[in-house]
Amino acid sequence: MPDTFAASGLACIRGERIVFEDLDFSLTSGSALLLRGPNGSGKSSLLRLCAAFLAPAAGALTWNGTPITADRDAHRARIAWAGHLDAVKPAFTVAANLAFWLGLAPGGAALAVDTALGPLGLGHLADLPAAYLSAGQKRRLNLSRLSGSRAPLWLLDEPTSSLDDASARALLAVINRHCDGGGMAIIATHQDLALDRVATLTMAAP
Amino acid sequence: MSPFLAVIARDVRLALRQGGGSYWTLLFFVLTVTLFPLGVGPDLALLARIGPGVLWVVALLAAMLSLDRMFQADYEDGSLELLALAPLPLELTVLAKAAAHWLTTGLPVTLLAPALGFLLAVDVTAYPILIAAMLLGTPVLSLVGSIGAALTVGVRRGGVLLSLLVIPLYVPALIFGALAVEATLDGLSPRPHLLLLGADLLVALALTPWAAAAALRLNLE
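Chains as they are written, first to last, in this note's numbering: chain X, 8 to 213; chain F, 48 to 268.
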């Protein structure tokens, strides 16, 4: 049975300012949702609401009709998160960085470290200390976690920033494969991402 | 490896790597203790009298110096968000990080304390109690410190604020830790002081992970 992740009447207040209100969306297994909108329109805030880092000022987020706050542990286990920051430790090698996060992945890693490095083309850098990676390579290392994750809901904040064209296409392939397998993704972006089954939520300027 | 042990192993490795700061903390402990004979003068009776207190105060400062790295680096590079979403409850992540902090500061400081006690002319008979008291007291420094570290995780250069927050909470460990050694030197039983230190440790173990995890969640909003 396909899962549904939905928001109804969602409002977000940050720093005593209403970022957005009365926001609705519904996402079912196998599809992706692109969040578009100018800077400050609340794309990142919406992702933080979806991850339950932040509580909505009004409205609710539901998973198959049940509010996500009803079982926070279960909701955490559904999420693979890739935010602005890459969570890369310069002191560890590329493989060690990824191995730590895959070891913590809910339900165990779906892929071995070497395999998970493959889709975004980091396999040949496995033994390099992450301190020597470029910004784009660090981003790819962070996104490689997704390939090895079993989480159904991917929350990605501008995942293609600092990626070259080939890596961005590889990332789209990874996201498409995730959706083909019944996963879902919510992606804040400023670019037209050519995903297979995708809806767009345009957020108004603040 | 269980997620709890994985977090401990990761933090210990990070602390021991170049730039991790664990060695600097130990050098700070050694150098600061050696300042006391230089500053107070070679009066062995006086040094022996203040020795246990000096060791405890400097151990406390050394633990505090390294507290900011407990969560801040992970907060700044985004790792903390991922740790908060991991299946391991955030309270246990805090406990694992406090354990790693203790393994890389409290434990080495405890092992070094007798050698530095020798420098301060603390009587050799007190060393077993000194070590026992530090084994009970230094984990309190890491655990209680985790609350301060979690509260100040989003504050740039929050080191001083962190110290102001945790110093009052360190007072019981300092008092009973130093008293246990002094009681031994005075020929009294250190038992009540060690028991109170143990109680302090149990209270810290039971309460601090919740407080620190709540503070981290606030900072992740």
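Backbone N, C-alpha and C fix where the C-beta goes; we use that ideal spot for every residue, glycine too.
The structure presented is a predicted model; accordingly, all values stated were derived computationally and were not measured.
- Boundaries of the beta strand (DSSP E) around X:Ala195: Met191 to Ala195.
- Straight-line measurement puts the Cα of F:Glu123 at about 24 Å from the Cα of F:Leu188.
- Contact check for X:Ala39 and X:Phe27: beta-carbon distance about 20 Å, past the 8 Å limit, so the pair fails to qualify.
- When the Cα atoms are used, F:Ala227 and F:Pro239 turn out to be separated by approximately 8 Å.
- At least one C-beta of chain X is nearer than 8 Å to the C-beta of F:Ser126.
- Considered as a whole, the segment 33-100 of chain X harbours 50-57 and 79-85 as its complete alpha helix (DSSP H) runs of no fewer than 4 residues, in chain order.
- Rounded to whole angstroms, the gap between the alpha carbons of X:Gly143 and X:Ser168 is 8 Å.
- Secondary structure note for X:Val205: its beta strand (DSSP E) is the uninterrupted segment Val205 to Thr209.
- The three-state reading of DSSP puts F:Ala53 in helix, counting H, G and I together.
- Close CB contacts of F:Ala230 within its chain, under the 7 Å cut and outside five residues either way in sequence, are with Ser236, Pro237 and His240 (chain order).
- Looking from the CA of F:Leu248, the closest CA among F:Leu142, F:Leu129 and F:Gln119 belongs to F:Leu142.
- Within the model, the alpha-carbon separation for X:Arg146 versus X:Arg43 is close to 20 Å.
- With fewer than 16 other CB atoms across the displayed protein chains lying within 10 angstroms of its CB, X:Ala212 is exposed.
- Annotation for X:Trp161: the continuous beta strand (DSSP E) segment containing it runs Leu160 to Asp164.
- Listed along the chain, the chain X residues whose CB falls inside 8 Å of the CB of F:Leu150 amount to none; the nearest CB is some 17 Å away.
- Nearest neighbour of F:Ser193 by Cα position, chosen from F:Val218, F:Glu138 and F:Leu166, turns out to be F:Glu138.
- For the pair F:Ile214 and F:Ala53, the Cα-to-Cα distance works out to about 30 Å.
- Among the bridge pairs identified by DSSP, F:Ser126 is matched with none.
- A direct Cα-to-Cα measurement between X:Trp88 and F:Gly68 gives close to 29 Å.
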